[in-house]
Amino acid sequence: MSAGLIAKPAIARRSKALGGTVRIRGDKSISHRALMLGGLAAGRTRIAGLLEGEDVINTARAMRALGATVREEGGTWIVDGLGNGALLEPEAPLDFGNAGTGCRLTMGLVGAYDFTTTFVGDASLSKRPMGRVLDPLRQMGVQVASAEGGRLPVTLRGPKTANPVNYRVPMASAQVKSAVLLAGLNAPGITTVIEPVITRDHTERMLQAFGANLAVETGNEGERIIRLEGQGRLTGQDIDVPGDPSSAAFPLVAALLVPGSDITILNVLMNPIRTGLIVTLLEMGAQIDVLNARTAGGEDVADLRVRYSELKGITVPEDRAPSMIDEYPVLAVAAAFAEGRTIMSGLEELRVKESDRLSAVAAGLKLTGVDCEEAPAALVVHGRPGGKGLGNAAAAVATHLDHRIAMSFLVMGLASEHPVTVDDATMIATSFPGFLELMAGLGAAIE
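The opening position of the sequence shown corresponds to residue 1 in the UniProt record's numbering, with each subsequent residue numbered one higher.
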């Protein structure tokens, strides 16, 4: 079962050349943050291009429960915020379904408020650890009650006045960094986050755009130091959400693998902290042309022309992992068609995603005939150019309620010798509504 729905398998078969031009839905990370900061800001925020997937809709519902007015009007989402420090105690638990980002960031958002909030989610989210966010919140004076292992359901009771903290993030996690910064908005004084390994910086960019007093500098050892002055005023903004590079990854890799393909993907976010997959594929020999590069809403954006390419295996630099952590499943699929060996390391974060993605990817690769080796924080894939012998008409890849596992292996089936079936495709709507229709429009044989 997936998010309370009956599981619906899907099968992908070897396709003819993919072609056409597509526009990817709005970036998921930016969509979550736009709704949250819009709800905290004084005045009105208008959001164009919001990703209307289930995860983001659950964040919209949470902001309504906290007192903001959130509505969709003619394709634009309008948020009338309450003002920083003015969120209201929710009357019922906040249900985030499968939305890990929405859940963890909202814990930071409300944790410093002097009221009680309970967080719940679906079966998948309820297995995922929340302790990494709860630990810094405790340092700020938040009382925490949770299920075993720091898992959902979680109940937070904020202090009368939160303590600003100086917090060094112990792992590369944009979610932890963002949760601490959002909590710092309602704490007096300066909240400092020290990030030894740089992660996606959408929260910092957007806080500055909404008027927060936030400064970023580099420390003596190369660490990133972010300082936020709490209890400042945020002002509503007009935001145009660029296309999600994590979603663009699926048609992009499909076009690289299916012979004769030539597609264009419009309006893709090209923030340097989010382009690790593109950099890696280029190193593997991919034909990806960056067209019409531009800046929109403080973010780098471009169109991508992608053509079929004969890829070669490489060793992916370990320090690149934070810039492409969500894209490793589909990169592993690309590596399965590359000449030689692809080595991916620094992948421990994949263990605590919607599923244990590292284990799920390795199992799926082996089921579909790919020679690979899984280590605690690494994956080695031995490719078969042309996909000869790959696929499995008899058994389905286990998705473990994980949308990226489902989409990655459906991409594999478009280029492998034999079909690839996934045991469930219903959860794809959590992050990429319309995925099957978009791929079919390019010529992909998925049913």
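Virtual Cβ for every residue (Gly too), placed ideally from N, Cα, C.
Query                                                                                                                                                : Result
Measuring only the C-alpha atoms, how far is Glu339 from Leu358?                                                                                     : 22 Å
Using CA coordinates, which residue listed in Gly211, Thr191, Gln143, Ser31 is at the minimum distance from Ile57?                                   : Ser31
Quick one, which of Glu221, Leu181, Ala92 has its alpha-carbon nearest Gly232's?                                                                     : Leu181
My output table needs one value for Met344: the three-state DSSP class, helix, strand or coil.                                                       : strand
Going by C-alpha to C-alpha distance, which of Val316, Pro419, Asp326 sits closest to Ala335?                                                        : Val316
Following the continuous alpha helix (DSSP H) through Gly39, name the residue where it begins and the one where it ends.                             : 28 to 40
Smallest Cα separation from Leu410: which of Thr218, Ser15, Arg224?                                                                                  : Ser15
Please return the same chain residues whose Cβ sits closer than 6 Å to the Cβ of Glu348, not counting the five positions on each side in sequence.   : Ala377
Do the CB positions of Leu156 and Val142 come within less than 8 Å of each other?                                                                    : yes
Could you pull the start and end residues of the alpha helix (DSSP H) that Asn58 belongs to?                                                         : 54 to 65
Keeping to the same chain, check which residues put their C-beta closer than 8 Å to that of Gly4; ignore five residues upstream and five downstream. : Legend: pLDDT at Gly4 = 49, less than 50; position of this residue unreliable, no value from coordinates given.
Looking at the unbroken beta strand (DSSP E) that takes in Ile225, where does it start and where does it end?                                        : 224 to 229
Determine the DSSP secondary structure at Val316, reduced to helix, strand or coil.                                                                  : coil
Between the Cα of Thr264 and those of Tyr113, Val253, Asp402, spot the shortest distance and give me the residue it belongs to.                      : Val253
Assuming Met63 and Leu35 form a contact by the criterion Cβ under 8 Å, report the distance between their Cβ atoms to the nearest whole angstrom.     : 5 Å
For a test of the three-state rule: what should DSSP assign to Tyr167, helix, strand or coil?                                                        : strand
Span of the alpha helix (DSSP H) holding Arg109?                                                                                                     : It is Leu, not Arg, that sits at residue 109 in the sequence shown. Leu109 -> alpha helix (DSSP H) spans 100 to 111.
One question on the structure: do Pro9 and Ala396 come within less than 8 Å of each other, judged by their Cβ atoms?                                 : yes
I believe Ala415 touches Gly389 by the beta-carbon criterion, under 8 Å. Please report the beta-carbon distance rounded to the nearest angstrom.     : The pair is not a contact, with the Cβ atoms about 12 Å apart (cut-off 8 Å).
What's the call for Met407, buried or exposed, on a 16-neighbour Cβ count within 10 Å?                                                               : buried
Would you call Lys177 buried or exposed, if buried means 16 or more other Cβ atoms sit within 10 Å of its Cβ?                                        : buried
Are the beta-carbon atoms belonging to Glu354 and Gly100 less than 8 Å from one another?                                                             : yes
Which class does Pro433 belong to by DSSP, given the choice of helix, strand or coil?                                                                : coil
Thinking C-beta only, is Leu282 closer than 8 Å to Asp244?                                                                                           : no
Would you report the Cα separation of Arg33 and Val370, rounded to the nearest angstrom?                                                             : 38 Å
Nearer than 7 Å: is that true of the beta carbon of Leu311 relative to any heavy atom of the ligand PLP?                                             : Questions concerning the ligand PLP fall outside what the structure shown contains, since it holds no ligand whatsoever.
Is there contact between the segment 77 to 97 and the segment 109 to 129, where contact requires at least three CB pairs shorter than 8 Å?           : yes
Find the nearest neighbour of Leu137 within the set Val193, Ala92, Glu91, Ala172, judged by alpha-carbon distance.                                   : Val193
Which residue from Gly111, Lys366, Val169, Arg71 puts its Cα closest to that of Arg46?                                                               : Arg71
How about Ala187 and Ala293: are their beta carbons less than 8 Å apart?                                                                             : no
If you count every other CB in all the chains shown that lies within 10 Å of the CB of Met130, and 16 or more means buried, which is it?             : buried
Determine which residues share a DSSP beta bridge with Asp95 and list them.                                                                          : Val120
Between Ala362 and the rest of its own chain, which residues show a CB-CB distance below 7 Å, the 5 nearest in sequence each way excluded?           : Cys372, Glu374, Leu379
Give the DSSP bridge partners of Ser146, in chain order.                                                                                             : Val154
Please say whether Glu327 and Ala249 have beta carbons closer to each other than 8 Å?                                                                : yes
What does the alpha-carbon distance come out to for the pair Phe119 and Glu223?                                                                      : 32 Å
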